[in-house]
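Below is one structure, written out as structure tokens; the observations come after it.
Number of protein chains: 2
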Amino acid sequence: MALIVQKYGGTSVGSPERIERVAEKVLETTRQGHQVVVVVSAMSGETDRLLDLAHRIDPQAGGRELDVLLSTGEQVTIALLAMALHRRGCPAVSYTGAQVHILTDSAHNKARIREIDGARVRRDLEAGRVVVVAGFQGVDEHGNITTLGRGGSDTTAVALAAALGADECQIYTDVDGVYTTDPRIEPRARRLDRITFEEMLEMASLGSKVLQIRAVEFAGKYDVPLRVLSSFEEGPGTLITYEADQMEQALISGIAFNRDEAQLTVTGVPDQPGVAARILGPISDANIEVDMIVQNVAADRQTTDFTFTVHRNDYERALEILRRTAEELGARSVEGDPAIVKVSLVGVGMRSHAGIAAEMFRALAEEGINIRMISTSEIKISVVVDEKYLELAVRTLHQAFGLDAEPGEGVA
Amino acid sequence: MALIVQKYGGTSVGSPERIERVAEKVLETTRQGHQVVVVVSAMSGETDRLLDLAHRIDPQAGGRELDVLLSTGEQVTIALLAMALHRRGCPAVSYTGAQVHILTDSAHNKARIREIDGARVRRDLEAGRVVVVAGFQGVDEHGNITTLGRGGSDTTAVALAAALGADECQIYTDVDGVYTTDPRIEPRARRLDRITFEEMLEMASLGSKVLQIRAVEFAGKYDVPLRVLSSFEEGPGTLITYEADQMEQALISGIAFNRDEAQLTVTGVPDQPGVAARILGPISDANIEVDMIVQNVAADRQTTDFTFTVHRNDYERALEILRRTAEELGARSVEGDPAIVKVSLVGVGMRSHAGIAAEMFRALAEEGINIRMISTSEIKISVVVDEKYLELAVRTLHQAFGLDAEPGEGVA
């Protein structure tokens with residue numbers, strides 16, 4: 003008998019009929035002899051409906067009262083799921099975040115979980131009940147309702163799994179696992195049976211958004227085995243594990259990419275200490291997030307070229323700010339391009355293998371793809387290329403690193 | 003400076019725009035220097051929407067999980083009202099029933115309030131905040147969410163007013179007070195400035211449904227001055243008071259009536275001890291509620307005639323049961339009429355005045371209205387008449403007891 007925490011997102015509980023399907027899936031797990039804790043999100047569309055009500059009263063609505071409002075979304079789902087389980091003869095009990103003491107800080111709308119008291123849940127599990135918990139919400143030390151921010155239900159599930167010492171935390175979603183790359187770009191993309199936490203973090207932040215990054219971090223920190231599965235199809239999904247478990251780690255796990263980038267470059271900046279801060283300070287003051295940053299010593303060794311990328315929506319604003327800064331610094335020129343994309347190889351295997359980067363650059367060169375920027379970390383290599391090369395670059399790398407599905411292998 | 007508890011029902015908070023109007027009304031009261039606690043219901047239609055979701059999953063949905071579901075309705079309203087107050091620069095804070103410890107028993111869907119801990123609310127009031135509380139809901143000693151049953155928000159308001167020692171509990175509704183009778187029947191009906199608790203109870207149970215009976219009882223028990231006002235129109239409403247306060251109590255406060263009655267009579271029943279129980283036992287076992295009961299000694303002094311009224315929906319069932327009982331008892335006959343109505347004079351003044359009944363019967367007789375049944379209590383006299391006489395009887399009595407509005411007086 004194992005203790006399983008299952009999390010079902012908004013689409014999976016989007017109607018009474020879908021909630022009944024979730025009840026069937028939960029029952030199936032209990033019939034296998036497992037104890038089950040279920041974490042659910044608000045029914046899809048419900049959070050937007052509530053936000054619309056709030057915005058009709060105050061377009062700037064936020065803070066404590068927004069949490070009181072939004073937390074009703076999951077409360078509706080837990081009650082309906084518990085009813086569906088009862089109807090099937092399954093003892094079940096629902097709890098709000100406050101009722102199971104999901105203690106958070108007081109940062110309304112984006113609270114962080116501090117502590118979960120698992121005692122009440124454990125008593126119910128021992129009494130043979132399925133426990134249904136509202137995701138996304140908690141309570142601060144003064145008894146105020148808090149929410150973890152959108153997608154926080156994943157975090158609730160992982161935190162509960164950690165507090166209860168669960169054997170597995172299963173995240174049910176509308177995809178059946180993590181893929182080597184986006185199957186809409188590369189039809190030969192394969193579902194991965196396993197992926198490490200670190201790779202998952204890189205994949206998520208690079209655009210393969212299956213799980214909330216915070217939930218993945220949390221799972222890694224507390225050693226919670228995490229599995230991504232489909233609510234709608236049968237299948238083992240993808241298990242997210244620790245590197246240590248992986249005896250035969252593939253060199254490369256996947257190809258991530260990000261379409262929404264724009265590149266800005268300032269050339270001929272006098273190379274003095276603090277120049278990076280002077281360039282990026284005003285950008286960050288304008289609440290523009292910077293992704294990749296590359297700095298090169300210029301040929302004259304007196305000045306430097308400085309390039310960075312931002313979200314495409316922020317491109318015009320960033321360009322304007324950068325022009326002002328460049329003038330102040332006496333830089334030579336400011337250039338930019340909003341039509342670029344980032345493509346990344348991700349894999350923990352590259353730590354112990356030399357030559358991956360060279361192989362990547364050669365594969366791209368053979369297809370005539372020009373690389374504009376390169377940035378590397380321990381387990382990923384990212385390149386910035388012209389937007390028009392996105393699909394070609396992804397497919398080229400997918401094949402070059404042996405990620406293509408075997409002929410006859412099931413592909414989503 | 004007074005402490006006022008205001009309660010706004012579902013129609014008064016039925017849309018974001020109406021919630022803003024409620025916020026204005028609350029602000030007006032604070033500007034007069036008063037402390038305000040606001041109790042709100044779910045937005046109109048919301049409870050039905052939630053019930054529909056539940057019934058799509060389980061047509062018999064009830065118990066603990068239904069309370070978890072339905073309590074979200076008021077939680078949405080408290081958040082929206084607090085936002086509307088913030089937007090107007092008014093410090094406000096919202097609380098669910100659980101958050102202000104509205105402790106109830108564990109009778110889900112129809113819980114009764116045991117205790118309210120007013121400390122948290124008092125602290126907020128002293129800090130200059132308006133406190134917005136979800137009506138209709140509470141929490142049992144195990145932390146489970148409970149609801150008081152439909153209309154329970156009135157009870158929440160009165161219970162809070164009692165716990166806080168409020169100076170007045172104002173119930174805002176879609177009528178502007180309690181009337182001498184239904185203005186749809188008698189256009190000259192007048193709004194009463196005052197009515198006693200006992201009269202209010204008689205009026206409410208007789209069909210002038212403005213307030214929940216339980217709330218009125220509660221207010222009477224804890225000496226909470228209660229006022230009924232309109233959310234949509236200005237005006238002082240009707241104050242519900244104790245008889246002791248009333249120096250110049252009118253003889254008669256109002257004419258109540260009930261259209262939905264049906265009459266059943268069994269004649270020639272052997273007059274033995276226990277016969278009433280033998281007749282009404284099977285009716286009550288069938289969950290049929292009996293309203294008026296009249297028993298007369300028959301002319302032969304050996305047998306008795308026994309008449310009672312039930313809700314019209316229960317007439318056919320009750321008739322069938324009564325026929326079986328009559329046979330067992332060896333009664334002479336069973337008769338019935340589903341086309342009758344009850345009309346009642348209500349007034350604490352009749353306690354100290356003789357002759358009211360006679361005057362009532364004479365007024366009806368003058369209009370040719372035949373009385374079929376009579377039943378009296380300390381502060382009311384009810385008669386059963388043919389359905390076709392309802393309007394005539396109400397108008398006749400309204401004029402006979404001086405309740406008509408003065409010419410030129412404002413009438414709703």
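Note that the protein sequences, when read in sequence, are chains A and B.
Position one of the first sequence corresponds to residue 3 (the numbering used here), numbered consecutively onward.
Position one of the second sequence corresponds to residue 3 (the numbering used here), numbered consecutively onward.
Beta carbons are placed, not taken as given, at the ideal position from N, Cα and C, and that holds for glycine.
Remember, it's a predicted structure, so these values are computed and weren't measured experimentally.
Distance from the Cα of B/S384 is smallest, within the candidate group B/S286, B/P284, B/F259, B/T182, for B/F259. B/R58 belongs to the set of residues whose beta carbon lies under 8 Å from a beta carbon in chain A. Of the candidates A/E67, A/R33, A/G167, A/V271, the residue whose Cα lies closest to the Cα of A/R124 is A/G167.
Taking 8 Å as the upper bound on Cβ-Cβ separation, chain B lies near residues L52, L55 of the stretch 23-55 of chain A. Under a criterion of Cβ atoms nearer than 7 Å, the residues of chain B adjacent to A/G145 are, in order, Q101. With the criterion set as a beta carbon lying under 9 Å from some beta carbon of chain B, the members of the stretch 70-84 of chain A are V70, L71, L72, S73, T74, G75, Q77, V78, I80, A81, L82, L83, A84, in sequence order. Inside the stretch 105-166 of chain A, DSSP marks whole alpha helix (DSSP H) runs of 4 or more residues at positions 121-128, 154-166, from first to last along the chain. When secondary structure is reduced to three states using DSSP, B/S346 falls in the strand class. Cβ neighbours of B/D316 within its own chain (closer than 7 Å, five residues either side excluded): I290. DSSP places B/I371 outside both helix and strand once states are collapsed to three, so it counts as coil.
The beta carbon of B/I21 sits closer than 8 Å to some beta carbon of chain A. Boundaries of the alpha helix (DSSP H) around A/H88: 65-89.
At a cut-off of 8 Å, the C-beta of B/R89 has a neighbouring C-beta in chain A. Distance between A/R90 and B/G16, taken at the CA atoms: about 36 Å.
Setting aside the 5 residues that flank it on each side, A/E369 is surrounded in the same chain by L394, T398, each with a C-beta closer than 7 Å to its C-beta; the list follows chain order.
Here B/E117 is exposed, its C-beta having fewer than 16 other C-beta atoms within 10 Å.
The Cβ atoms of B/V95 and B/D119 lie no closer than 8 Å to each other. Taking the CA atoms as reference points, B/L150 sits about 22 Å from B/I242.
Taking the C-beta atoms as reference points, A/I104 is found no nearer than 8 Å to A/T183.
In terms of Cβ geometry, B/A4 and B/D273 do not form a close pair [threshold 8 Å]. Excluding its 5 nearest sequence neighbours in each direction, A/V292 has C-beta neighbours in its own chain below 8 Å: L282, I285, S286, F310, T311, V312, listed in chain order.
Taking a 10 Å sphere around the C-beta of A/S73, we find 16 or more other C-beta atoms and assign the residue as buried. Every alpha helix (DSSP H) stretch that sits fully inside the stretch 174-227 of chain A and reaches 4 residues is listed by chain position as 199-207, 215-223.
Taking the Cα of B/K382 as reference, the smallest distance to any Cα among B/R374, B/D262, B/M362 is reached at B/M362. The Cβ atoms of A/A221 and A/V160 sit closer than 8 Å to each other. By the Cβ test, the stretch 227-235 of chain A is in contact with the stretch 171-179 of chain A, since at least three Cβ pairs between them sit closer than 8 Å. Neighbours of B/A63 in chain A, taken as residues whose beta carbon is under 8 Å from its own, are M85 in chain order.
Put simply, the backbone Cα of A/N146 is about 58 Å away from that of B/D388. Note on A/H88: 16 or more other CB atoms within 10 angstroms of its CB, so buried under the neighbour-count rule.
Of all C-beta pairs linking the stretch 341-348 of chain A to the stretch 260-269 of chain A, three or more are shorter than 8 Å, placing the two stretches in contact.
At a beta-carbon threshold of 7 Å, the residues of chain B lying near A/P18 are L55, R58, I59, ordered along the chain. A contact between stretches requires three or more CB pairs, one per stretch, nearer than 8 Å, and the stretch 78-88 of chain B meets this requirement with the stretch 127-142 of chain B. Within the DSSP bridge table, the entry for A/V336 names A/V268 as partners. Fewer than three Cβ pairs drawn from the stretch 20-39 of chain A and the stretch 197-206 of chain A lie within less than 8 Å of each other, which leaves the two stretches out of contact. The closest CA to that of A/G130, considering only A/L55, A/G35, A/L52, is found on A/G35. Excluding sequence positions up to five before and after A/A191, its CB lies within less than 6 Å of the CB of Y181, T182, T183, P185, all in the same chain and listed in chain order.
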